[in-house]
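The block underneath contains the structure these notes are about, expressed in structure tokens.
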Amino acid sequence: MQLKLHAKLPYHLVASKDLPKFTPTAMLFKPWNEQPSPRHIIQAESTAGLDAIPSIDINFDQTLTKVEYFVISPHNTKSLVKALPKGQKIGTIKISFPKSIVEDAAEDTFDEDEQLYTAIEEKIKANSYGSYEMEIWKNTDSIISVAVPRFKEAIVNNILARKLAEKFSNLVQSWVILSLCEIKYGDILNRLDINDINAKAKVYSSVPSLKPPHFISGISASLHAQLKKNPGTSLFSIVVRSEGNLGYERINVESLLEAGYVLAEIFGKDFDNKSYIENVTTGSKALRQGYGSSMYI
Numbered sequence: 016m017q018l019k020l021h022a023k024l025p026y027h028l029v030a031s032k033d034l035p036k037f038t039p040t041a042m043l044f045k046p047w048n049e050q051p052s053p054r055h056i057i058q059a060e061s062t063a064g065l066d067a068i069p070s071i072d073i074n075f076d077q078t079l080t081k082v083e084y085f086v087i088s089p090h091n092t093k094s095l096v097k098a099l100p101k102g103q104k105i106g107t108i109k110i111s112f113p114k115s116i117v118e119d120a121a122e123d124t125f126d127e128d129e130q131l132y133t134a135i136e137e138k139i140k141a142n143s144y145g146s147y148e149m150e151i152w153k154n155t156d157s158i159i160s161v162a163v164p165r166f167k168e169a170i171v172n173n174i175l176a177r178k179l180a181e182k183f184s185n186l187v188q189s190w191v192i193l194s195l196c197e198i199k200y201g202d203i204l205n206r207l208d209i210n211d212i213n214a215k216a217k218v219y220s221s222v223p224s225l226k227p228p229h230f231i232s233g234i235s236a237s238l239h240a241q242l243k244k245n246p247g248t249s250l251f252s253i254v255v256r257s258e259g260n261l262g263y264e265r266i267n268v269e270s271l272l273e274a275g276y277v278l279a280e281i282f283g284k285d286f287d288n289k290s291y292i293e294n295v296t297t298g299s300k301a302l303r304q305g306y307g308s309s310m311y312i
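Its first residue numbered 16, the sequence shown is counted upward by one per residue in my numbering.
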């Protein structure tokens with residue numbers, strides 16, 4: 016009987032022929048730099064495209080020399096501007112975006128994997144920018160006004176505010192800016208002062224100031240930032256109570272009426288307060304009826 020002695024021997028003494036055979040293989044390590052760069056690295060290549068810069072043209076009657084009040088309202092509170100005397104149209108503000116020239120993808124020969132989706136994206140981008148036109152009204156000898164629509168492109172607010180400040184700073188004695196905010200519970204109306212260069216109207220001074228963490232946005236916020244650069248600017252800033260997503264706020268009707276009373280007092284004794292309040296009341300009734308026939312979620 017033959018014994019397999021190697022089973023009792025230490026491992027290092029076992030015959031090599033009885034050991035398993037291994038085939039040498041190469042190991043491949045993938046470099047880490049193929050992964051996307053962390054978001055906190057500033058040098059990382061940006062995948063987001065730059066926003067198109069709009070072209071803004073402001074044309075108005077050059078015979079306009081001085082005006083006491085310039086009322087600027089976002090689209091949500093435009094009823095306060097429409098309630099002013101009709102007056103006459105003295106200018107326009109036109110906003111447009113440069114049109115991207117994108118050839119039809121069907122006429123091009125390209126590698127589908129690399130250029131197909133790029134061409135489609137460029138076409139969508141070329142058609143995504145809108146054009147806007149606003150009218151500047153001279154409501155009385157001392158008041159001009161403009162209602163600003165909601166812009167899909169947030170960059171328009173900053174550029175338009177800068178253009179308005181450049182064009183009208185030397186013509187306007189006092190700016191009247193209407194804003195929206197979900198203000199503190201218990202307040203119907205707030206004000207937001209950037210400076211106190213002169214005595215304000217009595218009713219306006221009694222309006223509570225807007226306090227953090229509450230804020231305004233849109234064209235109103237951009238105008239405040241621009242006018243703040245000039246310490247000598249006189250500003251009446253009325254913040255109307257609202258709620259909802261930015262740009263789609265639902266206005267508090269009582270706050271709108273209160274803002275009408277404050278505006279009437281700001282414009283002084285020569286202003287037809289009674290007629291203006293009646294127009295604001297009529298507009299607020301229509302607004303209330305619209306809210307009553309819909310569901311807000």
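All C-beta atoms, glycine included, are put in the ideal place defined by N, C-alpha and C.
What you are looking at is a predicted structure, and each value in this text was computed from that prediction instead of being measured.
- Under DSSP, Tyr84 takes part in a beta bridge, and its partners are Ile158, Ser189.
- Under DSSP, the beta-bridge partners assigned to Tyr147 are Ile110.
- Rounded to the nearest angstrom, the Cβ distance from Ala216 to Glu293 is 21 Å, too far for a contact under 8 Å.
- Contact fails between the region 275-291 and the region 223-236, because fewer than three Cβ pairs, one in each stretch, are under 8 Å apart.
- Beyond the five residues adjoining it in sequence on each side, Gln103 comes within less than 8 Å, by CB distance, of Trp152, Lys153 in the same chain, given in chain order.
- For the set Ile192, Leu261, Thr155, Val161, the Cα lying nearest the Cα of Glu148 is the one of Val161.
- Between Ile87 and Ile192, the beta carbon gap of about 5 Å places them in contact (Cβ cut-off 8 Å).
- When only Cα atoms are considered, Glu258 and Ile234 end up about 17 Å apart.
- Fewer than three pairs of CB atoms, one per stretch, sit closer than 8 Å, so the region 161-174 makes no contact with the region 182-190.
- DSSP, read as helix, strand or coil, puts Leu99 in coil.
- Counting only residues of its own chain and dropping the five nearest sequence neighbours on each side, Ser194 has a CB closer than 6 Å to the CB of Ile231, Ser235, Val254.
- Taking C-beta atoms as the reference points, Leu204 and Ser270 count as a pair closer than 9 Å.
- Using a Cβ distance threshold of 9 Å, Ile209 and His239 count as a contacting pair.
- Taking 9 Å as the cut-off, the beta carbon of Ile159 is found closer than this to the beta carbon of Ile105.
- Secondary structure of Val277 (DSSP, three-state): helix.
- Of the other Cβ atoms in all chains shown, 16 or more fall within 10 Å of the Cβ of Glu264; this residue is therefore buried.
- Assignment of beta-bridge partners to Phe251 by DSSP yields Val191.
- Here the C-alpha atom of Asp76 lies approximately 31 Å from the C-alpha atom of Tyr219.
- Residue range 70-75 is occupied by the beta strand (DSSP E) that includes Ile71, with no alpha helix (DSSP H) assigned at that position.
- By the neighbour-count definition (other C-beta atoms within 10 Å, threshold 16), Leu179 is a buried residue.
- Shown here, Asn205 sits in a strand according to DSSP, grouped into three states.
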